[in-house]
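K.L.:
So the protein sequences, as listed, match chains A and B.
Residue 27 in the numbering used here sits at position 27 of the first sequence, and the numbers go up by one each step.
Residue 1319 in the numbering used here sits at position 319 of the second sequence, and the numbers go up by one each step.
We treat Cβ as the ideally placed atom computed from N, Cα and C, and that holds for glycine.
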Amino acid sequence: MVIFRGLRAVRAGSPAIRHMRLATLLLAACATLATASVAVAQRPATARRLSTTIGVSKGAGALTCPFCSGEGKGGLAGVVGVELPFRTGLRFGLEGEWWLHSGGGSTRSVLAAVPVVHFYPAASGPLFFKLGLGVARFSASSDEEELRSTSLSGLVGVGYEFRLSSRSALIPYVSWLNGNRGTMRLNGALVTDLGGVSLLQYGLALSKR
Amino acid sequence: MNPEILVMRIPCQLRRLVVLVSALALVACLADSTGPDASSAPPARAFGIWTPGVNETCTKEQHDAYSVVGPDGKRYPTWHPPTDPPSGCTFGHEHGRDPSGSRLAALVGPIPFGYANEQLDTWDPLNPRHEDHFGHKVEWENDIPMRVDSDVASPLFDVRCDVMVKLHQGTHSKDAFTNNVHELVYHIVCNDGTAMHVTMLTAIGKPGEFVRSCDNSTHIAVGAPTPLNSPEGGGQRLIPDRECVLEHMLVGSTRNSNMSTALHESWQTSNQVRRQNGQSIASFDPYFQVPSPSRYYDASATALVGRPMDMCYATEANGDRARGGACAEATGNGQITGITWDDPRSPFNGVRRKVDINGNRISNADGPLVWYTDPYGRHGRPEPFPGSVRQVIARINTVLNPHGPTIGQERNYGGPGVRAPN
């Protein structure tokens, strides 16, 4: 599923633009709802159980480096995570992020493992921000070749928990993963030590605790 | 926010930073390419060999004012415009594109023409190789988009290079019929870390022969090369001969001359900088093409040189002659007579050229940034030796091996008074 086209190909009214607008709307909605979040939040403040989150999204992934085109390609993306409450308004967790794009005779993917912190501006509110630092790998491969770039990567994101029940929530979210100064290899040979990855994704996640 | 712009922004900033840092690092290694005041430096063999003909309005002194001191402290000729800006006088020849517009000019300074030839006098004094002044031709382009050696990686990268080259490519005399050794200066700096600054005598094809350009296959043995021990190089020199002219330039009344097939020259170089043990440090293989040279090989002619301009007036026994194209334009469809090969009105003057940058490979991750080689780019050592030439090559092993496109094809270096020999 191609959501984003190359930067040079993006036109007003194109699918890429439409999806970008959707992401912007999602963020705006989260921010607006946050102002009234304390009153309507259903999240039990006392819940201290492990929660698991699975999300599916649309994403744009790219290989980055000083001589990379940086062209973002659309594709299916997602997140899998576990979190534990640490103290009021803070949850620690571990997230796995992924993205996949096929086309032009090759498959591109991003895989990342990122320890994260979820920060709730209102302790019992539904809005949260997340920050993380982990490892991400961009891979592009065909039958004959493989390009890999593995780098230390930072993650920022925002989500909003709509309670479905006392133990589950639906979470629209946006996140951005970015890494650089990683090792990039083409068929095993070092291309550069300045390789990186970028992944923007927005979608819906289901959280259970 | 456009997510793809977000993806692009940081790499673009980083790219500029890396290119800037690379450039600054190279400045330190290249800074000794020019020296003291040129007027007091002893002349190299290449200096002062041009004298004005009857058509030229510049003096020898005005011409020799365009000089630079080489790494050996000698005075060399360097690039100059075909018309002297202060006086407006004409030199009658040109050296290609003004190097001052190249980003690399700030790194490497003016190019001393004939420096590698001069070093050969020291490295192998019994086998010198000196070239005329006209043939030094400069071409360059900044920020060239390159291709990379991978189908998977190619769409992910935006490798760009600044390139500046100077080849001695005389296309007016018999020199290249036998001589495959010509001075080449090759500067390239890319954003993927590929960087080379090489000066060498490149051996293009086999000595003593050339390849017929219109069939790209027939080897024409001509005679002994200069120097006699000229090495055999990769690549080939495609040069037109009388067969090409008779078949493609002189034609029957039903068609026009095919000048591009009849007279096209392509010097296809294959260059290696090697260590003492023969191992390759760097390789690159630009092709240099000239569509309208002022000569072709004619075994029956004086000095073996035929002149395309003369053939504009020739008619074969069967009535074949030059029809249309450059001949028709120059002669007003035969109304203007008496244009000689070295007349500024002749279109066969070699002022249009193009360079195919082609591939660039470096295997120098474990080597020094500065190498000293013999003038042929061989016997590379980290320290200088008599007759050596300093080469600067990035300390990397290239994986992407950036391939460049053709540059210069849209330019015409002709101007007032420019004529063959050029």
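Check the C-beta distance from Leu63 (chain A) over to Ser153 (chain A) and give it rounded, since I have them as a contact under 8 Å.
P.N.:
Not a contact, Cβ separation roughly 13 Å.
K.L.:
When you compare only the Cα positions, how much space is there between Ser1280 (chain B) and Asn1364 (chain B)?
P.N.:
Cα to Cα, the separation comes out at about 9 Å.
K.L.:
What does the Cβ neighbour count give for Lys1060 (chain B), buried or exposed, with the cut at 16 atoms within 10 Å?
P.N.:
So Lys1060 (chain B) ends up on the exposed side.
K.L.:
According to a CB-to-CB cut-off of less than 9 Å, which residues of the region 139–152 of chain A neighbour chain B?
P.N.:
Hits within the stretch, in order: Ala140, Ser141, Ser142, Glu144, Glu145, Glu146 and Leu147.
K.L.:
In angstroms, rounded to a whole number, what distance separates the CA positions of Val1392 (chain B) and Pro1155 (chain B)?
P.N.:
Taking the straight line joining both Cα atoms gives about 30 Å.
K.L.:
Does the Cβ of Ile1239 (chain B) have 16 or more other Cβ atoms within 10 Å, making it buried, or fewer, making it exposed?
P.N.:
Ile1239 (chain B) comes out buried.
K.L.:
Is Cys1244 (chain B) close to chain A, meaning its C-beta is less than 9 Å from at least one C-beta of that chain?
P.N.:
Taking Cβ atoms only, chain A never reaches closer than 9 Å to Cys1244 (chain B), which makes this a no.
K.L.:
Can you list the alpha helix (DSSP H) stretches of 4 or more residues lying completely in the region 1070–1096 of chain B, in chain order?
P.N.:
Within the region 1070–1096 of chain B, no complete alpha helix (DSSP H) run reaches 4 residues.
K.L.:
Measuring alpha carbon to alpha carbon, tell me which residue in B:Thr1406, B:Phe1385 and B:Pro1421 is nearest Leu1120 (chain B).
P.N.:
Of B:Thr1406, B:Phe1385 and B:Pro1421, the residue nearest in Cα terms is B:Phe1385.
K.L.:
Between Phe1157 (chain B) and chain A, is there a C-beta pair that is closer than 9 Å?
P.N.:
Output row for Phe1157 (chain B): interface = yes.
K.L.:
Tell me Val1273 (chain B)'s beta-bridge partners as DSSP assigns them.
P.N.:
DSSP, once it has assigned bridges, lists B:Ala1282 as partnering Val1273 (chain B).
K.L.:
Report yes if the CB atom of Phe1288 (chain B) is closer than 9 Å to the CB atom of Gly1359 (chain B), and no otherwise.
P.N.:
Cβ atoms of Phe1288 (chain B) and Gly1359 (chain B): not closer than 9 Å.
K.L.:
Run through the region 68–151 of chain A for me and flag every whole beta strand (DSSP E) of 3 or more residues, listed as ranges in chain order.
P.N.:
Listed in chain order, they are 73–87, 90–103, 106–119 and 127–141.
K.L.:
Counting pairs of Cβ atoms below 8 Å between the region 1218–1237 of chain B and the region 1123–1136 of chain B, do you hit three or more?
P.N.:
Taking 8 Å as the limit for Cβ pairs, the verdict is that the region 1123–1136 of chain B does touch the region 1218–1237 of chain B.
K.L.:
Leaving aside the five residues before and after Val116 (chain A) along the sequence, list all residues of the same chain whose C-beta is less than 6 Å from its C-beta, in chain order.
P.N.:
Once the five neighbours on either side are set aside, the close Cβ partners of Val116 (chain A) are Gly93, Glu95, Lys130 and Gly132.
K.L.:
Are the Cβ atoms of Ile1111 (chain B) and Lys1074 (chain B) separated by less than 9 Å?
P.N.:
No, the Cβ-Cβ distance between Ile1111 (chain B) and Lys1074 (chain B) is not below 9 Å.
K.L.:
In the DSSP assignment, the beta strand (DSSP E) including Cys1477 (chain B) goes from what residue to what residue?
P.N.:
Because chain B here runs from 1001 to 1422, residue 1477 (chain B) falls outside it and cannot be looked at.
K.L.:
Looking at the secondary structure, which residues open and close the alpha helix (DSSP H) in which Leu1228 (chain B) lies?
P.N.:
From DSSP, Leu1228 (chain B) is part of no alpha helix (DSSP H); its letter is neither H nor E.
K.L.:
Please go through the same chain and pick out, in chain order, the residues whose beta-carbon is closer than 6 Å to the beta-carbon of Asn1401 (chain B), but skip the five residues on each side of it.
P.N.:
For Asn1401 (chain B), where only same-chain residues beyond five positions count, the Cβ hits under 6 Å are Asp1149, Gly1359 and Arg1361.
K.L.:
Between B:Arg1237, B:Gly1070 and B:Tyr1066, which has its C-alpha nearest Ile1204 (chain B)'s C-alpha?
P.N.:
It is B:Arg1237.
K.L.:
Got a sec, what are the start and stop residues for the alpha helix (DSSP H) Thr1178 (chain B) sits in?
P.N.:
Per DSSP, Thr1178 (chain B) belongs to the alpha helix (DSSP H) from Asp1175 to Thr1178.
K.L.:
Bridge partners of Lys208 (chain A), per DSSP?
P.N.:
Paired residues: A:Thr52 and A:Ser168.
K.L.:
At the level of alpha carbons, what is the spacing between Leu100 (chain A) and Gly55 (chain A)?
P.N.:
Rounded to whole angstroms, Leu100 (chain A) to Gly55 (chain A) spans 14 Å at the Cα level.
K.L.:
Does the beta-carbon of Asp143 (chain A) have 16 or more other beta-carbons within 10 angstroms, so that it is buried, or is it exposed?
P.N.:
That one is exposed.
K.L.:
When you compare each of B:Val1185, B:Thr1083 and B:His1197 to Arg1419 (chain B) by their alpha carbons, which one comes out closest?
P.N.:
Of the candidates B:Val1185, B:Thr1083 and B:His1197, the one whose C-alpha sits nearest the C-alpha of Arg1419 (chain B) is B:Thr1083.
K.L.:
Determine which residues share a DSSP beta bridge with Asp1241 (chain B) and list them.
P.N.:
In DSSP, Asp1241 (chain B) forms a bridge with B:Tyr1297.
K.L.:
Of all the options B:Thr1315, B:Gly1319 and B:Pro1347, which has the alpha carbon lying nearest to the alpha carbon of Cys1327 (chain B)?
P.N.:
Ranking the options by Cα distance to Cys1327 (chain B), first place goes to B:Pro1347.
K.L.:
For Asp1320 (chain B), which residues in the same chain have their Cβ closer than 7 Å to its Cβ, ignoring the five residues on either side in sequence?
P.N.:
Around Asp1320 (chain B): Leu1250, Val1251 and Gly1252.
K.L.:
Got a sec, what are the start and stop residues for the alpha helix (DSSP H) Cys1058 (chain B) sits in?
P.N.:
Segment: none, Cys1058 (chain B) is in no alpha helix (DSSP H) and carries neither H nor E.
K.L.:
Report the neighbours of Val191 (chain A) on chain B: residues whose CB is nearer than 7 Å to its CB, in chain order.
P.N.:
Val1399 and Leu1400, listed in chain order.
K.L.:
Quick check: is the beta carbon of Asn1191 (chain B) nearer than 9 Å to any beta carbon in chain A?
P.N.:
Cβ-Cβ to chain A under 9 Å: yes for Asn1191 (chain B).
K.L.:
Cutting at 6 Å between CB atoms, please list the residues of its own chain near Thr1423 (chain B), excluding the five before and the five after it.
P.N.:
With chain B covering only 1001 through 1422, there is no way to say anything about residue 1423 (chain B).
K.L.:
How about the region 81–90 of chain A and the region 101–110 of chain A: do they share at least three Cβ pairs that are nearer than 8 Å?
P.N.:
No: fewer than three Cβ pairs fall under 8 Å.
K.L.:
Nearest to Gly59 (chain A) by CA position, among A:Thr192, A:Ser207, A:Phe119 and A:Trp176, is which residue?
P.N.:
The candidate whose alpha carbon is nearest that of Gly59 (chain A) is A:Trp176.
K.L.:
Using the three-state DSSP reduction, which class does Thr1315 (chain B) fall into: helix, strand or coil?
P.N.:
In this structure, Thr1315 (chain B) counts as strand in the three-state DSSP scheme.
K.L.:
Can you pull the chain B residues whose beta carbon is under 9 Å from the beta carbon of Ser106 (chain A), in chain order?
P.N.:
Within 9 Å Cβ-Cβ: Asp1151, Val1152 and Pro1155.
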